[in-house]
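Peer 1:
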Amino acid sequence: MMDSTVLLTLFQQLGVVSNGHFVLSSGRHSDEYWEKFRLLEWPRVTEQLCQQIAVRYRGGALSAVIGPTTGGALLAQEVARQLDTRCLLAEPSSGGRELRRGFKLNASAPVLIVDDVLTTGLSLRETLSAIEPYQPDIAGIEVLIDRSGGTVPRQFSVPCHALLSITAQTYSPDDCPMCAAGVPSVKPGTRAAI
């Protein structure tokens, strides 16, 4: 297992962390952005990181690994491959996410949810809502990076682990010091444009 110092060094070497004025997919503003695709463009690195997740669930007979599109789905695919189980996608729908493309779960089926970067937990809450009608047994939630410093994972009623937990300052648009200073913002995420 890589410790947080090794992970942070790896993420910095790969250009995962950027500084500036960013509008996150949650709508909140931050002076740093964690671009998971700098990791995901390296399949061997992705494989190694997902191995750290998969090792916790070996022998657990999971029915599926579920990830919200886009980054979470790519990670879920690799974790599912390593655990030799199905991978399901939680795709955007009006007002949240849903399982589409004929994906189904049996009641009480043990599942794992995997995502990339956790800031407010919105993508994970939407994914949990998408699978709630199936009443699966959620074995856990795993993320690569928790930007909340451990605050958001405590909001979930199931175990939630991060490979790296950091405390990144975020602001509402009304309270953003960079907006107040007139610093132009960039929206690098995957949700709607500014």
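Counting in the working numbering, the sequence shown runs without a single skipped number right up to 195 at its last residue.
Note that the Cβ used here is the ideal one computed from N, Cα and C, for glycine as well.
So, helix, strand or coil for Ser5, using DSSP?
Peer 2: Position 4 of the sequence shown, counted from the first residue, corresponds to residue 5. Reduced to three states, the DSSP call for Ser5 is helix.
Peer 1: Is it a yes or a no for the region 86-96 touching the region 2-10, going by three-plus beta-carbon pairs under 8 angstroms?
Peer 2: no
Peer 1: Counting contacts by CB-CB distance shorter than 8 angstroms, is Leu25 in contact with chain D?
Peer 2: The displayed structure is made up of one protein chain only, and chain D is not part of it.
Peer 1: Any idea what DSSP makes of Asp85, helix, strand or coil?
Peer 2: By one-based count along the sequence shown, residue 85 stands at place 84. Asp85 falls in the coil class under three-state DSSP.
Peer 1: Suppose only complete runs of 3+ residues qualify. What are the beta strand (DSSP E) ranges in the region 84-148, listed by chain order?
Peer 2: 87-94, 97-100, 111-119 and 138-147
Peer 1: Given this structure, state the Cα-to-Cα distance separating Ala74 from Asp116, to the nearest angstrom.
Peer 2: Counting from one through the sequence shown, the residue named residue 74 turns up at place 73. Counting from one through the sequence shown, the residue named residue 116 turns up at place 115. Spanning the two alpha carbons is a distance of roughly 7 angstroms.
Peer 1: Give a yes or no on whether the C-beta atoms belonging to Leu165 and Leu15 are separated by under 8 angstroms.
Peer 2: Locating residue 165 in the sequence shown gives position 164, counting from the first residue. Locating residue 15 in the sequence shown gives position 14, counting from the first residue. Not closer than 8 angstroms, so no.
Peer 1: Quick check: the Cα distance between Tyr34 and Ile67, rounded to an integer number of angstroms?
Peer 2: Reading the sequence shown from its first residue, position 33 is the one you call residue 34. Reading the sequence shown from its first residue, position 66 is the one you call residue 67. Cα-Cα distance, rounded: 24 angstroms.
Peer 1: In terms of alpha-carbon separation, which member of Gly21, Ser31 and Ser27 lies closest to Glu127?
Peer 2: Along the sequence shown, one-based indexing puts residue 127 at 126. Cα-wise, what sits closest to Glu127 is Ser27.
Peer 1: With a threshold of 8 angstroms, are at least 3 pairs of Cβ atoms found where one atom belongs to the region 34-53 and the other to the region 171-179?
Peer 2: Contact annotation: the region 34-53 does not touch the region 171-179, with fewer than three C-beta pairs closer than 8 angstroms.
Peer 1: Less than 8 angstroms between the C-beta atoms of Val118 and Val159, yes or no?
Peer 2: On the sequence shown, position 117 is the one that residue 118 refers to. On the sequence shown, position 158 is the one that residue 159 refers to. No; because the gap between Cβ atoms is not below 8 angstroms, this pair is not in contact.
Peer 1: Within this structure, are the beta carbons of Asp85 and Met179 separated by less than 8 angstroms?
Peer 2: Here residue 85 refers to the residue found at position 84 of the sequence shown. Here residue 179 refers to the residue found at position 178 of the sequence shown. Contact flag unset, no.
Peer 1: Cβ atoms of Ala65 and Leu125: under 8 angstroms apart, would you say?
Peer 2: Sequence index remark: in the sequence shown, residue 125 carries index 124 (1-based). Sequence index remark: in the sequence shown, residue 65 carries index 64 (1-based). No.
Peer 1: Buried or exposed: where does Ala194 fall if 16 or more other Cβ atoms within 10 Å of its Cβ makes it buried?
Peer 2: Within the sequence shown, the letter at position 193 stands for residue 194. Confidence at Ala194 is low in this model, with a pLDDT of 44, below 50, so its placement is unreliable and no value can be given for it.
Peer 1: For Tyr135 and Ser109, I'd like the C-alpha separation in whole angstroms.
Peer 2: Taking the first residue of the sequence shown as 1, we reach residue 135 at position 134. Taking the first residue of the sequence shown as 1, we reach residue 109 at position 108. Each residue's Cα considered, the two are about 8 angstroms apart.
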